[in-house]
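Structure, as structure tokens:
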Amino acid sequence: MDELKELYKGKEDTPEAQTALRDVQAALERQFAAERHAVRQVLTAVLEKVVREWFTANAQSAAIRAVAPAGVFFAYSPVLDITDAVMREMNKEKPEFPALPTVKVQANPNPQEKPGTEKASPAKSGKSGTAAPAKTPAKTQTP
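Taking our numbering, I'd label the letters of the sequence shown as residues 7 to 149.
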């Protein structure tokens, strides 16, 4: 956004500049939402793994039959809260997040095309040169 503002410095009030700034702002907001979603997917997958491992290690000794977020219950006994145990295990994890895209703003060479659109390049991963896929959370197993 700063690069685009610099590009239109002194011409901020022109319809072209206002349209370009509005379009780029919308594109950046969409990109941010996509990145936030990708981070949530990674963290959810790690949380599911940690909870499943904790459950497997502790279910028999504690006679635990299920693990669910506290927010789904109207009330529960505080002795059933495993948040601290799960967070200790989560803190040991090193989640891998997709690379952030590089955003480059260029002057609009084609006045028919909206300036500032399609300037965000997708995240690159490894040698393939393709967009890095967001990790999807594992499917929940039901008994």
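Glycine included, each C-beta is placed from N, C-alpha and C at the ideal position.
For clarity, every value in this text was computed on a predicted model and none was experimentally measured.
| Check | Outcome |
| --- | --- |
| Would DSSP call residue 24 helix, strand or coil? | helix |
| Nearest-angstrom Cα distance between residue 98 and residue 9? | 39 Å |
| May I ask which residues mark the beginning and end of the alpha helix (DSSP H) holding residue 90? | 89-96 |
| Are the Cβ atoms of residue 102 and residue 56 separated by less than 7 Å? | no |
| Can you list, in chain order, the residues of its chain whose CB lies under 8 Å from that of residue 59, leaving out five sequence neighbours each side? | 95 |
| When you compare only the Cα positions, how much space is there between residue 64 and residue 79? | 21 Å |
| Is it buried or exposed for residue 30, if we count other Cβ within 10 angstroms and need 16 for buried? | buried |
| Can you check which of these residues, 37, 13 and 21, is closest to residue 108 by C-alpha distance? | 37 |
| Inspect the beta-carbon positions of residue 104 and residue 44 and report whether they are closer than 7 Å. | yes |
| Using a Cβ-Cβ distance cut-off of 7 Å, determine whether residue 104 contacts chain D. | The structure shown contains no chain D; it holds only a single protein chain. |
| Using only CA atoms, which one of 81, 88 and 84 lies nearest to residue 73? | 88 |
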